[in-house]
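Heads up: the structure comes next, in structure tokens.
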Amino acid sequence: DDGDGAERDEARAKVQKCLSDVASSTDKQVVVVSTWVASGVAEVAYVEARALGLPTVGFACKLAEQQHTFDVDDVHVVGRNHGDETRALLSFCDALVKIGGGVNEASMYASFKGRKFAFDL
């Protein structure tokens, strides 16, 4: 579900704040990494990253290749089933940002050992 316009605007504002906070807290190159989908907050994050000239990386399982995906700079297909890519995605990241999300995202966020940023929707 891509949400309505107001939710999308709220997600966009939170993604912009997040990217600003993360970029100002590190000397490293900021790379936007998410699930390789063209919907929801992931799509908003990828669009904002493109607008700022930031690299984009998508992680997904083999099944995602049959779904609507975002044209990221680098794709990592890991495993066959949804969730198989989670460990690889987390190990790729130095910091993790969670914007909204459900049970799976909360679990990923809790298990991540690096720097964390969280924003509710």
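By the count of the numbering used here, the sequence shown reaches residue 136 at its end, each step adding exactly one. Think of the CB as a built atom: it goes at the ideal place given N, C-alpha and C, for glycine as much as any other residue. None of the values given here were measured: they were computed from a predicted structure.
Inset, instruction - Determine the DSSP secondary structure at V45, reduced to helix, strand or coil. - result: In the structure shown, V45 sits in coil (DSSP, three-state: anything other than H, G, I, E or B).
Legend entry - Alpha-carbon to alpha-carbon, F107 and G20: Answer to the nearest angstrom: the Cα atoms are 32 Å apart.
Legend entry - DSSP state of L69 mapped onto helix, strand, coil: In the structure shown, L69 falls within a coil segment according to DSSP collapsed to helix, strand and coil.
Legend entry - Close Cβ partners of K32 (< 8 Å) along its chain, the five nearest in sequence each way excluded: The answer, listed in chain order, is F134.
Legend entry - Straight-line gap, R23 to S54 (C-alpha atoms, nearest Å): Inter-residue distance for R23 and S54 is about 10 Å (C-alpha atoms, whole angstroms).
Inset, instruction - Using DSSP bridges, identify the partner residues of R27. - result: In DSSP, R27 forms no bridge with anything.
Legend entry - Inter-residue spacing [alpha-carbon to alpha-carbon] between Q81 and V93: Their Cα atoms are separated by approximately 14 Å.
Legend entry - A75 in three-state terms, based on DSSP: Assigned with DSSP and collapsed to three states, A75 falls in strand.
Inset, instruction - Please state whether DSSP places D17 in a helix, a strand or coil. - result: Here D17 scores only 49 on pLDDT, less than 50, and its place in the model should not be relied on; the value that follows carries that caveat. Annotated three-state conformation of D17 is coil, per DSSP.
Legend entry - Own chain residues within Cβ distance below 7 Å of M123, not counting five before or after: Here the set comprises T101, L105.
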